[in-house]
Amino acid sequence: MLRPYRQDPWRTRLILGLGLVVCGILIICAKTALNHWFGGSLVVGGLLLVVWVPRVRNQLGAAFITERKCFRLLEREARIVVIGGGTGLGTILRGLKKITNDLTAIVTVADDGGSSGRLRKEFGILPPGDIRSCLIAMADLEPLMEQLMQYRFNGGSGLAGHSFGNLFLTAMTGITGDFQKAIEASVKVLAVKGRIFAATLDNVSLRAELQDGVVVKGESAISRSKTPIKRIYLEPAAAKAVPESLEAIATADLIIMGPGSLFTSVIPPLLVEEIRAAVKAAKATKIYICNVMTQPGETDGFSASDHLRVLLEHTDPKLVDYMIINDQKVPPETQAIYAEEGAEPVFPDQGKVLSLGVRPVTGPLLNINGLVRHDADRLANLLIKMMPMFFSRRRRWQRSWHRFLGVFGGLVGKLGIVASGGRLRWRSTERGKTLKFDFIAKNLHRFHGPACEVYTSAEEAPVELHPYQIDFEKNLVIGVFLGERPYGGFGLAPLGVRLKNNGLEITYREEKPLQAGVVQRLTYPAAFFVLERQDLPVGEFPLYLKCEEAKKTFLVHKISL
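Quick note on numbering: the sequence shown equals residues 539 to 1099 in my numbering.
As structure tokens, then:
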């Protein structure tokens, strides 16, 4: 698989190719011996350089952006697997669920402190705390429901310190009789966008060997230790992974480790031998997201390369392809607050990271709101920019062959021959003009059944569109509504907008939840296509809708401009 840090040679090869063509033409016109052979060779070589340019940047998407971004969709959504635990995992999941529905979280289950530790001892279940955080981060929840899942009891006999979400998962485990089944049931109830797996269903305990030779047992005790950690390991060591999580790793496009506590959140899932081997064998691009602050008792004085070195020592020297590092400065007043607790910003020593065989990727990634954390949206946007290369799975000669067929098909397109999927086939020459558009996804209770509306002014548009400040003098908005759905997870994905046969055709795909089941609440998926009026014909023209699954076009409206 091509790696995102490889430079895109498009511009260089294009300039070189055109230069060779020009030189070849000049030599052909010159009165010298062998001018035709030499000049012709330069022209042919230059044309080959131009045709065989790997234009991967044209794939830059935007299949992942759902609000007010002009884009073309990629062939499919990215399959992303995130491994870790703690608050860091929840942070990145909130951003990633906005760019793909094919999201999988593999979560550590070594926690033995707080509410999770108490439930683990009293009920014999795996610790639910990190699983609860992932469910909330990936779910399509109303604010009140999210507050309910996060609510922590302050009093009461036996309830003090417990969170409602932990008790919810404990009850689900009792109902289903299995912790992983409890997670799957919770995914259905909470309309989670993606899948969540425990790193192992075995009752494992985390152990740490300190630099002075002392062995500390339990995640909570490791976090409180002040002596530097030499290594950590699981007890028992032969813990088994959930088979479905290994399948997700094998088919992933992108595997992300972190952010989170290095010794107690990021490394523990990778200590499960099957997970570590699956990640190593996967063809996906592997990324480690480094913490923005050191953690007292675990990573005191650690730089970015120290985090990476410890991760590779516990797993495999070639496990990571990229390391994402924050290079944004932490305000002095915030640094002073953290310094009182013994924490400091992680120094981005990119040179040492590179010397470990991992490519560093830096950027301003902070969200400072009392606490210093990664900004979920900034992380997601950074991954979007790196995403096009992640889909370049075919061999280079295959991509070049398909590009050649595309160019050749374009040259003879007037004859009705076009290239598609690497094969030449006859097709009608009336293909229409593809239009740019912005796309806004909403859950809007406006119609019980499928419907379509056209908005030519702000007064006609729903109030939910007012915050976007759409200029209706320059834009036309078309709303497409799927109607009532029994639970969350449904959506509408745009495939294209084009002018064809003096009409406007919108093609879309109805997205369905990965797992259907328990009804949480009714949802009303809707999407709004924002088009520029200057791209549309003047006068009256028909509007057609085409669902990918139905493969039929329906006249739904007459538009007059």
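Beta carbons: idealized from backbone N, C-alpha and C, even for Gly.
These numbers were taken from a predicted model, which means no experiment stands behind them.
{"Query": "Grab me the residues of residue 556's own chain with a C-beta within less than 8 angstroms of its C-beta, minus the 5 sequence neighbours each way, in chain order.", "Result": "584 and 588"}
{"Query": "Within its chain, find whatever has a CB closer than 7 angstroms to the CB of residue 983; leave out the 5 residues flanking it on each side and keep chain order.", "Result": "1062"}
{"Query": "Are the CB atoms of residue 617 and residue 638 nearer to each other than 9 angstroms?", "Result": "yes"}
{"Query": "Measuring straight from C-alpha to C-alpha, what distance separates residue 692 and residue 700?", "Result": "8 angstroms"}
{"Query": "Distance, Cα to Cα, residue 789 vs residue 822?", "Result": "8 angstroms"}
{"Query": "For residue 1067 versus residue 1049, is the C-beta spacing smaller than 9 angstroms?", "Result": "no"}
{"Query": "Any contact of the segment 906-922 with the segment 841-855, i.e. 3+ C-beta pairs under 8 angstroms?", "Result": "no"}
{"Query": "Report buried or exposed for residue 824, applying the criterion of at least 16 other Cβ atoms within 10 angstroms of its Cβ.", "Result": "buried"}
{"Query": "Count the other CB atoms, across all protein chains shown, that sit within 10 Å of the CB of residue 704; report buried if there are 16 or more and exposed otherwise.", "Result": "buried"}
{"Query": "If you compare alpha carbons, which of 886, 1083 and 665 is closest to residue 901?", "Result": "886"}
{"Query": "According to the neighbour-count rule (16 or more other Cβ atoms, all chains shown, within 10 Å of its Cβ), is residue 921 buried or exposed?", "Result": "buried"}
{"Query": "How long is the line joining the alpha carbons of residue 725 and residue 1015, rounded to whole angstroms?", "Result": "34 angstroms"}
{"Query": "What would DSSP say about residue 972, mapped onto helix, strand or coil?", "Result": "strand"}
{"Query": "Quick one: using the 10 Å Cβ neighbour count with 16 as the cut-off for buried, is residue 974 buried or exposed?", "Result": "exposed"}
{"Query": "For residue 910, report the span of its beta strand (DSSP E) as first-last.", "Result": "909-912"}
{"Query": "Taking the alpha-carbon of residue 1065 as reference, which of 856, 1003, 1012 and 1094 has the nearest alpha-carbon?", "Result": "1003"}
{"Query": "Does residue 1015 have its Cβ less than 9 angstroms from a Cβ in chain D?", "Result": "You won't find chain D in this structure, because it holds only one protein chain."}
{"Query": "Please classify residue 784 as buried or exposed, where buried requires at least 16 other C-beta atoms within 10 Å of its C-beta.", "Result": "buried"}
{"Query": "Just to confirm before moving on: does the CB-CB distance between residue 924 and residue 899 stay below 9 angstroms?", "Result": "yes"}
{"Query": "Hey, could you find the ends of the beta strand (DSSP E) residue 755 is sitting in?", "Result": "753-755"}
{"Query": "Could you give the DSSP three-state label for residue 1109: helix, strand or coil?", "Result": "Not covered by the structure: residue 1109. The range shown for the chain is 539 to 1099."}
{"Query": "Please report the residue range of the alpha helix (DSSP H) in which residue 726 lies.", "Result": "717-727"}
{"Query": "May I have a chain-ordered list of the beta strand (DSSP E) segments no shorter than 3 residues that lie completely inside the segment 843-870?", "Result": "860-864"}
{"Query": "If residue 651 sits next to residue 757, beta carbons under 8 angstroms apart, how far is it from one beta carbon to the other, in whole angstroms?", "Result": "6 angstroms"}
{"Query": "Using DSSP bridges, identify the partner residues of residue 1013.", "Result": "1070"}
{"Query": "When you compare only the Cα positions, how much space is there between residue 1020 and residue 987?", "Result": "7 angstroms"}
{"Query": "Among residues of its own chain, excluding the 5 on either side of residue 625, which ones have a beta-carbon nearer than 6 angstroms to its beta-carbon?", "Result": "none"}
{"Query": "Mapping DSSP to helix, strand and coil, what is residue 561?", "Result": "helix"}
{"Query": "For residue 566, which residues from the same chain have a beta carbon less than 8 angstroms from its beta carbon, with the 5 sequence-adjacent residues on both sides left out?", "Result": "573, 574, 577, 578 and 581"}
{"Query": "Less than 6 angstroms between C-beta atoms, sequence neighbours within five positions excluded: which residues of the same chain meet that for residue 619?", "Result": "642, 786, 787, 790 and 793"}
{"Query": "Taking just the CA atoms, how far does residue 676 sit from residue 630?", "Result": "10 angstroms"}
{"Query": "With H, G and I counted as helix, E and B as strand and the rest as coil, what does DSSP make of residue 875?", "Result": "helix"}
{"Query": "Which one of 686, 734 and 864 has the shortest CA to CA distance from residue 912?", "Result": "864"}
{"Query": "Return the chain-ordered list of same chain residues with a C-beta closer than 8 angstroms to the C-beta of residue 702, the five sequence neighbours on each side being excluded.", "Result": "686, 687, 688, 689, 690 and 691"}
{"Query": "For the alpha helix (DSSP H) containing residue 710, name the first residue and the last one.", "Result": "702-714"}
{"Query": "Can you look up residue 764 in the DSSP assignment and give me helix, strand or coil?", "Result": "coil"}
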